[in-house]
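Just below is one structure, and these are the notes that go with it.
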Amino acid sequence: MSGRARAGAPGARRGLQALGVSALVDCIPASDRRYYPLYTKAAELGIPVRIYSSMNYANDRPYDLGHPRNLDQVAMDFPELEIIGGLGGWPWVNEMVALVRRHPNLHMRHLRASRQYLGQPGSGWEMLMQFGNTLDPGQGAWSASRRGSSGSPTRR
8 MSGRARAGAP GARRGLQALG VSALVDCIPA SDRRYYPLYT KAAELGIPVR IYSSMNYAND
68 RPYDLGHPRN LDQVAMDFPE LEIIGGLGGW PWVNEMVALV RRHPNLHMRH LRASRQYLGQ
128 PGSGWEMLMQ FGNTLDPGQG AWSASRRGSS GSPTRR
């Protein structure tokens, strides 16, 4: 697994604010049990986990390693863990939105660069727009104000 963050690593003792998990880097899906000790530690520390959740264009690994379906099992196994599905699940936005509605501990974040495409017909983001327009006031959403931000919880 990548060296981005490790449970029990020195950063955890110095105030680690979030854990990043990338199927793209590690070449294993987010639901792989090898990640579970990291998820357990993140839950113990009360920090969110940002999980790569999008298609990749690398031609040396499966394109769907970051499919949102891999978040479903993690959200069921760790209901106390705040999970951020990074990159909004594109091109599987419908599945990502459905999972966010299904799991109160799952949130989604998209890249700022994708905002220009959100309202465009055929962009793949239509379900996100519909979801955003019908979001219950009590449901949380994750957003990021700048590229590289891990996101912060907001109420809409």
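Under our numbering, the residue at position 141 of the sequence shown is numbered 148, and the numbers go up by one with no gaps. Using N, Cα and C, we set each Cβ at its ideal position, and we do this for glycine too. From a predicted model like this one, the values you see are computed outputs, not experimental measurements.
The Cβ atoms of residue 36 and residue 94 lie no closer than 8 angstroms to each other. Beta-bridge partners of residue 115 (DSSP): 92. In its chain, beyond the 5 residues on either side, 31, 34 have a beta carbon closer than 8 angstroms to the beta carbon of residue 68. In the three-state reduction of the DSSP assignment, residue 125 falls in the coil class, being assigned neither a helical nor a strand state.
Taking residue 75 as the centre and dropping the five residues before and after it, the same chain places the C-beta of 60, 92, 96, 99, 102, 103, 106 closer than 7 angstroms to its C-beta, in chain order. Within the same chain, Cβ atoms closer than 6 angstroms to the Cβ of residue 38 are found at 77, 80, 81, the five residues on either side in sequence being excluded.
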